[in-house]
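Peer 1: Got a structure here, written out as structure tokens. Questions coming.
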Amino acid sequence: MNTPGAPLELMLFESTAQGAKAVMPSGINRFIIDWEYIGKAERQAGFDTEIVPVGPFELSEVSRLPDALAWCRINRDGPQMPEEVELAVSSGARGIFLPMVTAPFEVERFLRAVDGRCQVGILVETSAALACVRSLAELPLDRVYFGLNDFAISRGGGSIFRAVLDGSVERAREAFDGRPFGFGGVTAVDGGTPVPCARLIEEMARLDCQFSFLRRSFRRDVLRVGVARLTDEVRAFWHKCQNRHASEIARDRHALELLLTGVCHAS
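Per my numbering, residue 230 is the first one in the sequence shown, and the count goes up by one each step.
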């Protein structure tokens, strides 16, 4: 459970030490260096996603920054996975995310490869993973993220926010109760489309999330308001959401359902 007043941890996809250093004065010190590429272009063809995989050099550069916590997203389970784990660990990863999980045995292989040398996380972003989420929750994971984009693709398309509306995200969160959990993405409180960031932050607080990834629109919004103001406003709004009364939480969830119903029907 969230400690009252605990901040929402923001994780930024970043591939350069220069980019990481630029945002660290604002309190962002958790970075994801993205190595995922296998099957991604084919899987996400026609969807509004971003594919910019990098490698060990970038991970090493970011991981050497004082106070930076560098995580690496490797490729999904496959023959290359143990070698990628070794590269990530030797390059200074403080944690590794395994994406596109479909079954517990994949995560068990991953855990054996890591062998306790850094933290481990998975991305629940397939319908198969949600179907076995209770079994996945029995494994010793440090962090779990629900990926809306690929989850929508695995279900044949439609709005990525359908998983929030129909309870899929909440079902995963309940399975991983007590574990650091995140979903969606964060940008400026007054930004985000078609679902405003503020509405997603309200839902993150309701579901007792501990972290989230920064949305691609974060970089655009930083140009508009500045990174210090953006993160300060996110933290202030998060604190406000954590201190809502039960009636306010129910009101905000109802408003979100109405919004998402329109978004999902339009997609």
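Cβ atoms here follow ideal geometry from the backbone N, Cα and C, with glycine treated the same way. Please read all numbers here as calculations on a predicted model, not as lab measurements.
1. Are the beta-carbon atoms belonging to F260 and V291 less than 7 Å from one another?
2. Would you tell me roughly how many angstroms separate the C-alpha atoms of C301 and I262, rounded to the nearest one?
3. Which residue or residues does DSSP assign as beta-bridge partners of C301?
4. Going by DSSP, what residue range makes up the beta strand (DSSP E) through I351?
5. Quick check on L443: does DSSP put it in helix, strand or coil?
6. Return the residue from the list L237, L294, V283 that minimises the CA-CA distance to A250.
7. Could you work out which residue in G284, T422, S320 is closest to G491 when comparing CA atoms only?
8. Relative to the C-alpha of H474, which residue among R453, R435, G455 is closest?
9. Around the Cβ of P254, are there at least 16 other Cβ atoms within 10 angstroms (buried) or fewer (exposed)?
10. According to DSSP, F410 sits in a beta bridge with which residue or residues?
11. Start and end of the beta strand (DSSP E) containing L241?
12. In chain order, what residues of the same chain lie with their CB nearer than 6 Å to the CB of V314, ignoring the 5 residues before and after it?
13. Classify V252 as helix, strand or coil using the three-state DSSP reduction.
14. Here's the rule I'm using: 16 or more other beta-carbon atoms within 10 Å means buried, otherwise exposed. How should H374 be labelled?
15. Just verifying my parser: in three-state terms, what is the DSSP assignment at V415?
16. Quick one: give me the first and last residue of the alpha helix (DSSP H) that P311 is part of.
17. In whole angstroms, give me the CA-to-CA distance for S388 and C493.
18. Is the beta carbon of D371 sitting closer than 7 Å to the one on V349?
19. Can you give me the Cβ contacts of R305 inside the same chain, cut-off strictly under 6 Å, excluding the 5 residues immediately before and after it?
20. If I measure Cβ to Cβ from F380 and keep anything under 6 Å in the same chain, skipping five residues before and after, which residues do I get?
21. Rounded to whole angstroms, what is the Cα-Cα separation between P369 and A332?
22. In the structure shown, what three-state DSSP assignment does C470 receive?
23. Below 7 Å between beta carbons: does that hold for S320 and S289?
24. Kindly give me the distance between the Cβ atoms of A427 and V418, rounded to whole angstroms, as I take these residues to be in contact under 8 Å.
Peer 2: Quick answer:
1. The sequence position of residue 260 within the sequence shown is 31, counting from 1. The sequence position of residue 291 within the sequence shown is 62, counting from 1. A distance below 7 Å separates the beta carbons of F260 and V291.
2. Position 72 of the sequence shown, counted from the start, is the residue given in the question as residue 301. Position 33 of the sequence shown, counted from the start, is the residue given in the question as residue 262. Take the alpha-carbon of C301 and the one of I262: they are about 5 Å apart.
3. As a first step, residue 301 must be located in the sequence shown, where it is residue number 72. Partner(s): I262, I325.
4. Within the sequence shown, the letter at position 122 stands for residue 351. Counting along the chain, the beta strand (DSSP E) containing I351 begins and ends at 348–353.
5. Taking the sequence shown and counting its residues from 1, one reaches residue 443 at position 214. Note: L443 maps to strand in three-state DSSP.
6. Indexing the sequence shown from 1 puts residue 250 at position 21. The sequence given here has Lys at residue 250, not Ala. Nearest C-alpha to K250: L294.
7. By one-based count along the sequence shown, residue 491 stands at place 262. When only C-alpha atoms are compared, the closest one is T422.
8. Taking the sequence shown and counting its residues from 1, the one referred to as residue 474 is at position 245. For the residues R453, R435, G455, the minimum Cα distance to H474 belongs to R435.
9. Against the sequence shown, residue 254 aligns to sequence position 25. It counts as exposed.
10. Numbered from its first residue, the sequence shown carries residue 410 at position 181. Residue pairing for F410: DSSP places it in a beta bridge opposite V373.
11. Start at 1 with the first residue of the sequence shown, and residue 241 comes out as number 12. L241 -> beta strand (DSSP E) spans 238–242.
12. Taking the sequence shown and counting its residues from 1, the one referred to as residue 314 is at position 85. The beta carbon of V314 lies closer than 6 Å to those of A342, V343 in the same chain, with the five residues before and after it left out.
13. Residue mapping note: residue 252 aligns to position 23 of the sequence shown, counting from 1. Three-state DSSP puts V252 in a helix.
14. For this step, residue 374 is matched to residue 145 along the sequence shown. Strictly speaking, residue 374 in this sequence is Tyr, with His absent from that position. Result: buried.
15. Start at 1 with the first residue of the sequence shown, and residue 415 comes out as number 186. In the structure shown, V415 sits in a strand (DSSP, three-state: E or B).
16. The sequence position of residue 311 within the sequence shown is 82, counting from 1. For P311, the uninterrupted alpha helix (DSSP H) run begins and ends at 310–319, by DSSP.
17. Taking the first residue of the sequence shown as position 1, residue 388 is located at position 159. Taking the first residue of the sequence shown as position 1, residue 493 is located at position 264. Rounded to the nearest angstrom, the gap between the Cα atoms of S388 and C493 is 5 Å.
18. Your numbering for residue 371 matches position 142 in the sequence shown. Your numbering for residue 349 matches position 120 in the sequence shown. Their beta carbons are under 7 Å apart, which means D371 touches V349 by this criterion.
19. Taking the first residue of the sequence shown as position 1, residue 305 is located at position 76. Within the same chain, Cβ atoms closer than 6 Å to the Cβ of R305 are found at P328, M329, the five residues on either side in sequence being excluded.
20. Walking along the sequence shown from the start, residue 380 turns up at place 151. Taken in chain order, the residues that qualify are E354, A392.
21. Locating residue 369 in the sequence shown gives position 140, counting from the first residue. Locating residue 332 in the sequence shown gives position 103, counting from the first residue. Whole-angstrom Cα-Cα distance: 15 Å.
22. Position 241 of the sequence shown, counted from the first residue, corresponds to residue 470. Correct three-state label for C470: helix.
23. Residue numbering aside, residue 320 sits at position 91 when the sequence shown is read from its first letter. Residue numbering aside, residue 289 sits at position 60 when the sequence shown is read from its first letter. Yes, the pair counts as a contact, with Cβ atoms nearer than the cut-off.
24. Numbered from its first residue, the sequence shown carries residue 427 at position 198. Numbered from its first residue, the sequence shown carries residue 418 at position 189. The C-beta separation of A427 from V418 comes to about 5 Å, placing the pair in contact by the 8 Å criterion.
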